[in-house]
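1 is the number of the first residue of the sequence shown in full-length UniProt numbering; add one for each residue after it. Heads up, the beta-carbon is just placed ideally off N, CA and C, and yes, glycines get one too.
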Amino acid sequence: MLPQQGVVLSSSADGTDTLRNDDIESEQAYLTALYSRLDELREQAAERLRAILLEAGGTPQGRSQREATRSHWAEQVAQMNAVENGLCFGRLDFSAGNPRYIGRLGMFAEDRERDPLLIDWRAPAARPFYLATAVSPEGVTRRRHLRTRGRELTGIDDEVLDLDAGAGGREDVTGEAALLSALTAGRTGRMRDIVETIQAEQDEVIRSGLPGVLVVQGGPGTGKTAVALHRAAYLLYTYRAQLTKQGVLILGPNATFLRYISQVLPSLAETGVFLATLGDMFPGVTARASESPETAALKGRLDMLGVLERAVADRQTVPDDFVEVDHDGYPLRIERAVCEDARAAARRSGRPHNVARQMFVTEAVHALSLQIAERIGADPLGGDNLLEEADLAETRRELREDEDVQRALFELWPVLTPRQVLRDLLSDPDRLESAAPELSADERALLLRDRASRWTPADVPLLDELAELLGVDDTLKARAAARERRQAVEYAEGVLEIVEGSRSLDFEDESEEKDEILSALDVVSASAFVERHEVIDTRTAAERAAVDRTWVFGHVIVDEAQELSPMAWRLLMRRCPSRSMTVVGDVAQTSELSGTTTWDHVFEPYVEQRWRLTELTVNYRTPAEVMAVAADVLAAVDPSAPPPRSVRESGYLPWASRVSRDRLAAELIDAVRREAAAVPDGRVGVLVPAALEESLGDALTAAIPGAAVGEQPDLRDPVVLMTVRQAKGLEFDSVLVVQPGEIVAESPRGLSDLYVAVTRATRRLGVLHTADLPKVLAALA
Numbered sequence: 001m002l003p004q005q006g007v008v009l010s011s012s013a014d015g016t017d018t019l020r021n022d023d024i025e026s027e028q029a030y031l032t033a034l035y036s037r038l039d040e041l042r043e044q045a046a047e048r049l050r051a052i053l054l055e056a057g058g059t060p061q062g063r064s065q066r067e068a069t070r071s072h073w074a075e076q077v078a079q080m081n082a083v084e085n086g087l088c089f090g091r092l093d094f095s096a097g098n099p100r101y102i103g104r105l106g107m108f109a110e111d112r113e114r115d116p117l118l119i120d121w122r123a124p125a126a127r128p129f130y131l132a133t134a135v136s137p138e139g140v141t142r143r144r145h146l147r148t149r150g151r152e153l154t155g156i157d158d159e160v161l162d163l164d165a166g167a168g169g170r171e172d173v174t175g176e177a178a179l180l181s182a183l184t185a186g187r188t189g190r191m192r193d194i195v196e197t198i199q200a201e202q203d204e205v206i207r208s209g210l211p212g213v214l215v216v217q218g219g220p221g222t223g224k225t226a227v228a229l230h231r232a233a234y235l236l237y238t239y240r241a242q243l244t245k246q247g248v249l250i251l252g253p254n255a256t257f258l259r260y261i262s263q264v265l266p267s268l269a270e271t272g273v274f275l276a277t278l279g280d281m282f283p284g285v286t287a288r289a290s291e292s293p294e295t296a297a298l299k300g301r302l303d304m305l306g307v308l309e310r311a312v313a314d315r316q317t318v319p320d321d322f323v324e325v326d327h328d329g330y331p332l333r334i335e336r337a338v339c340e341d342a343r344a345a346a347r348r349s350g351r352p353h354n355v356a357r358q359m360f361v362t363e364a365v366h367a368l369s370l371q372i373a374e375r376i377g378a379d380p381l382g383g384d385n386l387l388e389e390a391d392l393a394e395t396r397r398e399l400r401e402d403e404d405v406q407r408a409l410f411e412l413w414p415v416l417t418p419r420q421v422l423r424d425l426l427s428d429p430d431r432l433e434s435a436a437p438e439l440s441a442d443e444r445a446l447l448l449r450d451r452a453s454r455w456t457p458a459d460v461p462l463l464d465e466l467a468e469l470l471g472v473d474d475t476l477k478a479r480a481a482a483r484e485r486r487q488a489v490e491y492a493e494g495v496l497e498i499v500e501g502s503r504s505l506d507f508e509d510e511s512e513e514k515d516e517i518l519s520a521l522d523v524v525s526a527s528a529f530v531e532r533h534e535v536i537d538t539r540t541a542a543e544r545a546a547v548d549r550t551w552v553f554g555h556v557i558v559d560e561a562q563e564l565s566p567m568a569w570r571l572l573m574r575r576c577p578s579r580s581m582t583v584v585g586d587v588a589q590t591s592e593l594s595g596t597t598t599w600d601h602v603f604e605p606y607v608e609q610r611w612r613l614t615e616l617t618v619n620y621r622t623p624a625e626v627m628a629v630a631a632d633v634l635a636a637v638d639p640s641a642p643p644p645r646s647v648r649e650s651g652y653l654p655w656a657s658r659v660s661r662d663r664l665a666a667e668l669i670d671a672v673r674r675e676a677a678a679v680p681d682g683r684v685g686v687l688v689p690a691a692l693e694e695s696l697g698d699a700l701t702a703a704i705p706g707a708a709v710g711e712q713p714d715l716r717d718p719v720v721l722m723t724v725r726q727a728k729g730l731e732f733d734s735v736l737v738v739q740p741g742e743i744v745a746e747s748p749r750g751l752s753d754l755y756v757a758v759t760r761a762t763r764r765l766g767v768l769h770t771a772d773l774p775k776v777l778a779a780l781a
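Set out below in structure tokens:
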């Protein structure tokens, strides 16, 4: 059971309460007043937004300021819409001073000299709501949790923290009535925020400062993901000016996980965060295809750096002897020696391949121009060459524009894209052998695939690395932009001339002195006219980051961080050169072969020992009965790792049932029906070995309407069947683990997978097996 934290009194709106009814009435009145103020502020913000949207024109600076104002009021309206549910959830009473009401955002009365009507949960003044205990009350005499449905107060839970009232307590759990209600509520297929029930050790992580790398290590059920999301909300509140401009990245393990957490930050009035998986981190590529764990692990090794560098270098070729090109009817030779010198000069520059190409072309064209000079500029009497430098410059310009010359030089040093290089490398045995001589034949065979294969998440760090090696030659882009602007100015000049020519002047009385009449040309130039009509980028930082590979984030949060490969970490470090990161994970749950089992190994190359570690030790999700089973699995994974302490019992003992192989599907269907009946308001998760996903999924969906299967199911369905890796970071009211022995056998990190599987349950756990149970599950027998 949850330990007691002070004296807890409960009151509900149905009259069966131990508090006076007037407490309910007074709190409902205050809640109603808060919503009235919210409506008033929202209407004011909406009116100002409407006014801004009606404005037009102006100088570039004025339009930029107007856009900033528009964004501000649009954000205000969005935030106030987001907190409609659960606006106010708590109250603090002190031995001296007025009570404080705690909610999802801060609100003042019209008279701002008065105390705030509502304090944002992230403000320092709200912190005692999460930290005060009977042992250390911080001046708080009573903490009140307000339970609401929409704008209606449905109940009150009070904690009396006055030691004189006889309250005893424990430091690691606060607000147990509200916490118990949240923990025992049925899952909905979407993660809820924990803003009403944040515990002290979680609060410490959430409110840690922005700079540096903070590693949050925690076992199953400790709330790592929820803490990371609430930390994002806290950082955006505390460092809004900086982070709104640069953006915050939250990297999750898969698309199902992102959908699962998608409602948390909006419910906390924060919408400007970029949620992504590793497969989303290269614009233009959505990498969702699967591949063998061994292949993914090989791609994740730092050995691939040398492979990619050689793959690019192999595209910088020289002819065996020479390449002949035709220029204005004259044959010219691009000699091997010339190409070697040009290639060496381009490589010495240290520039990326596509940028260095200009140097290669310049050197080669210069050599060709000398050939022409020798042919047509030679003095017939044997003197100096008759061509002047201006003639040679014109010759070089003509050579650059000659299609035959361009084609020959492109073959020798082509403009390349990351996707092109990686597709060629992984589909061509000869290219792969040339670029990866240090890899064994078996390892190269793992990398080879059909050219039409879809991208996998492990490909994305390779594409990103190639983008760094290749670079982008912006010369043509800059020329195109300059040409477009010249055309726009010319068009504007034409428009202004038409306006000037259309002026109607009265020449009837030339003797009468006329007032000077200003023309359009007197008011605005063509260049200024173009500037006034240039489009201002109104996208948020998250929207711009999604399409810009070089975007630098103000803060990066990584969930299930233990699964990332060394190559993936290189990508993330490029996105966050400030090294302001929150890294959340549990090395005992590492499933990927390219993942880590020690944080030192991850961060030593980037920040050495300049990173902070904090641990979450209390298990809120997994009941004690289930954790007793999981503890044996954890002991086999890492004997030195203590299991997190569960704060509650469910009253249900985990069970195991051995069935015959030919009856497995039928027995599973029966078990799912029983579990669904046992948690009618919740969700049932069925975790199976990858080899059985299709067959058992087909049988389950045929027998049970509404069951979902696969990598991207709708978690709001009452029954979901998936593999353990697909279930990373998720939770279900009841979990059925099928064939645990096969789960262990199908991966070198199979015990870690089994540990993940048995810790997904919030209430009930069952196991179906056809062979002997793994020894680590002996407690079930």
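Bridge pairing for Met304: absent [DSSP]. In this structure, DSSP gives Ala546 a state outside helix and strand, which the three-state scheme calls coil. Distance check between Pro293 and each of Ser747, Asp753 and Thr271 places Ser747 closest, using alpha-carbon atoms only. Listed in chain order, the beta strand (DSSP E) elements of length 3 or more contained wholly in the region 602–649 are 611–616.
For Gly750, the CB contacts under 7 Å within the same chain, skipping 5 residues up- and downstream, are Ile743 and Val744 in chain order. Using a Cβ distance threshold of 9 Å, Ala367 and Ile334 count as a contacting pair.
Boundaries of the alpha helix (DSSP H) harbouring Ala390: Glu389 to Glu401, taken from the DSSP string. The Cβ atoms of Leu41 and Ala74 lie no closer than 9 Å to each other.
In this structure Ala677 is exposed. Its beta-carbon is surrounded by fewer than 16 other beta-carbon atoms within 10 angstroms.
Arg91 is not a Cβ neighbour of Arg37, given a cutoff of 9 Å.
The three-state secondary structure of Gly218, taken from DSSP, is strand.
One alpha carbon belongs to Leu243, the other to Thr723, and they sit about 36 Å apart. Its chain contains Gly90, Ile119, Trp121, Ala126 and Phe129 as the residues whose beta carbon lies nearer than 6 Å to that of Ile102, once the 5 sequence neighbours on both sides are disregarded; these appear in chain order. Distance check between Arg310 and each of Ala68, Phe360, Leu425 and Leu399 places Leu425 closest, using alpha-carbon atoms only.
Looking at the backbone, the Cα of Gln79 and that of Ala542 are separated by about 17 Å.
Closest in C-alpha terms to Ser695, from the list Gly685, Gly706 and Leu721, comes Leu721.
DSSP, read as helix, strand or coil, puts Tyr239 in coil. In the pairwise beta carbon analysis, the region 134–150 is classified as touching the region 93–102: at least three pairs are separated by under 8 Å. Note on geometry: alpha-carbon atoms of Pro644 and Val273 lie some 30 Å from one another. For Ile24, the enclosing alpha helix (DSSP H) begins and ends at Asn21 to Leu54. With a 10 Å radius around the Cβ and a threshold of 16 neighbouring Cβ atoms, Arg549 comes out buried.
With a cutoff of 9 Å on beta-carbon distance, Gly651 and Thr762 are scored as not near each other.
CA-to-CA, the gap between Leu235 and Arg648 works out to about 31 Å. Annotated three-state conformation of Met567 is helix, per DSSP.
Nearest in C-alpha terms to Gln609, of all of Asp341, Leu214, Val323 and Ala56, is Leu214. Annotation: the continuous beta strand (DSSP E) that includes Ile334 extends over Tyr330 to Glu335. Counting only residues of its own chain and dropping the five nearest sequence neighbours on each side, Arg579 has a CB closer than 7 Å to the CB of Gly212, Val213, Tyr606 and Val607. For Glu667, the CB contacts under 8 Å within the same chain, skipping 5 residues up- and downstream, are Ser657, Val659 and Leu768 in chain order.
Taking the CA atoms as reference points, Met567 sits about 33 Å from Val738. In terms of Cβ geometry, Ile250 and Ile52 do not form a close pair [threshold 9 Å]. Counting the other Cβ atoms within 10 Å of the Cβ of Ala631 gives 16 or more, which makes it buried. Leaving aside the five residues that flank Phe108 on each side, the residues in its chain whose CB is nearer than 7 Å to its CB run, in chain order, Pro116 and Leu117. Tyr755 sits buried, since 16 or more C-beta atoms from the chains shown fall within 10 Å of its C-beta. Contact between the region 691–708 and the region 729–736 is not established, with fewer than three Cβ pairs separated by less than 8 Å. Membership of Gly697 in the alpha helix (DSSP H) is indicated by the continuous run Glu693 to Ala703. For Thr617 and Arg104, the gap between their C-alpha atoms comes out near 27 Å.
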